[in-house]
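In the numbering used here, the protein residues as written are 29 to 441. Note that the Cβ used here is the ideal one computed from N, Cα and C, for glycine as well.
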Ligand code: HAM
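This is the structure in structure tokens:
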């Protein structure tokens, strides 16, 4: 049987084929996400992978609602696998906001599910690094998140030659829409059309815009003007003060497809334009109020960075580090009469925190050595007697004989 289309199998290195997904690479990405988020003072949270369907309908916008992986459970509840983390975060924050000092800075690495057409950079399941700030209305928080986004990608060794953050403003777009006579009920449709401008036939976009009372020329002129609002100029100034100005630019092509954004919005793209967006985010000041039925009203903002496009970009730029197993020690059992003494040693080494392997069954010494080398063990340890061990450094080939009781301490050094 095969896996479902759009779902990935993750293998340990060495991966079986060039297009297999590597669990070691995934771990490298997750470790970096966690490390950078924690350096910025963010705390990790998680939520359930299934939520009530209603949490997503109306709140996320039509595009995501069309892609929901939803079903009726055995208790006749309408539920959905989570297509994004933001509604769950809004629900969790609204429920226990008093427990936490504001602003709340939280991150998570959920696996998300969207029933979309499988294509390059888009699957039916992906992992997404989410970082959000809750309870701060000032643009200083938007800048802090953008700096975290930039530093996360820099920690993965991407430079300003590799990616750029394209910064825009929902508020600026809303002013444009209202001043141009747009009807409130059409706002979401308008955002969706602008969001797809780069991907859709201009004639199709033009027709859709005309129905809302706009011409594609008007929209393009607004994009080309590229005049930053005061708020966007302040955010850029803050990013420049950190020495990160080369990583960001104003670009009104960005508007974001999701319905709930209210202020600054942004996406990060690879600079060669070969891939879909790596990151998308922005401010969503009304979502918590909406999700809590008006009980809690807190400003909020955040971004999501997907692992699929990111892994493709890292591979494209040759930035995947050497991955694979690295053992500390391999205990060779050359003489089966010493198996029990060897097992005692394996146990000691593992208790000392050393990653240790040994042959489960009788095996030829050269096979054992090959296994030790394949798993990049640093030390090969072989008992000559129940109390004496030969310890060989497989990198330098140097060898010493020491009492069994001293092996763990010697290897730890
Ligand atoms: P989003 O733009 O829908 O935003 O997704 C963010 C990122 O997740 C995308 O830029 C992309 O890298 C990745 N992604 C999305 N869908 C797929 C897919 N089907 N396959 C692979 N990767 C995908 C959100 O989800 C917002 N909730 C982010 C956010 C957090 N806004 C505020 N806080």
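Of the listed residues the options, nearest to residue i (C-alpha basis)
i: residue 154; options: 335, 182, 132 and 88; result: 335
i: residue 319; options: 121, 338 and 266; result: 121
i: residue 260; options: 79, 273 and 248; result: 273
i: residue 238; options: 222, 171 and 227; result: 222
i: residue 343; options: 57, 34 and 32; result: 57
i: residue 178; options: 132, 125, 298 and 76; result: 298
i: residue 62; options: 352, 375, 138 and 35; result: 138
i: residue 248; options: 225, 30 and 397; result: 225
i: residue 98; options: 38, 233, 130 and 81; result: 81
i: residue 396; options: 427, 381, 363 and 375; result: 363
i: residue 130; options: 326, 438 and 341; result: 326
i: residue 149; options: 340, 358, 368 and 392; result: 340
i: residue 181; options: 366, 309, 64 and 434; result: 64
i: residue 125; options: 296, 163 and 105; result: 163
i: residue 442; options: 95, 415 and 425; result: No statement about residue 442 is possible, as the shown extent of the chain runs from 29 to 441 and does not include it.
i: residue 416; options: 386, 94, 372 and 381; result: 372
i: residue 436; options: 382, 123 and 402; result: 382
i: residue 77; options: 60, 255 and 96; result: 96
Pairwise C-alpha distance: residue j and residue i
i: residue 429; j: residue 390; result: 23 Å
i: residue 144; j: residue 422; result: 49 Å
i: residue 169; j: residue 404; result: 45 Å
i: residue 275; j: residue 269; result: 12 Å
i: residue 165; j: residue 348; result: 38 Å
i: residue 185; j: residue 345; result: 10 Å
i: residue 323; j: residue 251; result: 38 Å
i: residue 2; j: residue 307; result: Nothing about residue 2 can be read from this structure; the chain reaches only from 29 to 441.
i: residue 419; j: residue 392; result: 19 Å
i: residue 119; j: residue 287; result: 17 Å
i: residue 244; j: residue 37; result: 43 Å
i: residue 234; j: residue 220; result: 13 Å
i: residue 192; j: residue 351; result: 27 Å
i: residue 398; j: residue 388; result: 15 Å
i: residue 209; j: residue 34; result: 42 Å
i: residue 230; j: residue 242; result: 13 Å
i: residue 117; j: residue 71; result: 13 Å
i: residue 67; j: residue 379; result: 30 Å
i: residue 432; j: residue 384; result: 15 Å
i: residue 84; j: residue 355; result: 45 Å
i: residue 79; j: residue 317; result: 18 Å
i: residue 75; j: residue 113; result: 8 Å
i: residue 282; j: residue 108; result: 28 Å
i: residue 330; j: residue 295; result: 11 Å
i: residue 279; j: residue 198; result: 12 Å
i: residue 394; j: residue 400; result: 10 Å
Distance between beta carbons of residue j and residue i, contact taken as under 8 Å
i: residue 440; j: residue 408; result: So it is not a contact: roughly 16 Å between Cβ atoms.
i: residue 141; j: residue 111; result: 6 Å
i: residue 73; j: residue 167; result: Contact flag wrong, Cβ pair sits at about 24 Å.
i: residue 215; j: residue 205; result: 6 Å
i: residue 266; j: residue 200; result: With a Cβ gap of about 18 Å, residue 266 and residue 200 do not count as contacting.
i: residue 173; j: residue 161; result: 6 Å
i: residue 52; j: residue 44; result: Wrong, their Cβ atoms sit about 13 Å apart, outside the cutoff.
i: residue 304; j: residue 289; result: The pair is not a contact, with the Cβ atoms about 19 Å apart (cut-off 8 Å).
Residues bridged to residue i [DSSP beta-bridge criterion]
i: residue 417; result: 411 and 430
i: residue 84; result: Beta-bridge pairing links residue 84 to no other residue.
i: residue 400; result: Beta-bridge pairing links residue 400 to no other residue.
i: residue 130; result: Beta-bridge pairing links residue 130 to no other residue.
i: residue 266; result: According to DSSP, which records beta bridges pairwise, residue 266 is partnered with nothing at all.
i: residue 49; result: 38
i: residue 99; result: 107
i: residue 79; result: 108
i: residue 72; result: 135
Contiguous alpha helix (DSSP H) assignments of at least 4 residues, all confined to the segment 135 to 205 | Within the segment 135 to 205, the runs of alpha helix (DSSP H) at least 4 residues long that lie entirely inside it are, in chain order, 167 to 183.
Go through the segment 318 to 388 residue by residue and report every complete run of the alpha helix (DSSP H) that reaches 4 residues or more, in order.
-> 335 to 344 and 367 to 379, all fully within the segment 318 to 388.
Can you list the beta strand (DSSP E) stretches of 3 or more residues lying completely in the segment 274 to 314, in chain order?
-> The segment 274 to 314 contains these whole beta strand (DSSP E) runs: 276 to 278, 292 to 298 and 307 to 311.
Which runs of the alpha helix (DSSP H) fall wholly inside the segment 221 to 267 and span at least 4 residues, in chain order?
-> Taking only runs of at least 4 residues, the alpha helix (DSSP H) segments lying wholly in the segment 221 to 267 are 230 to 239 and 244 to 253.
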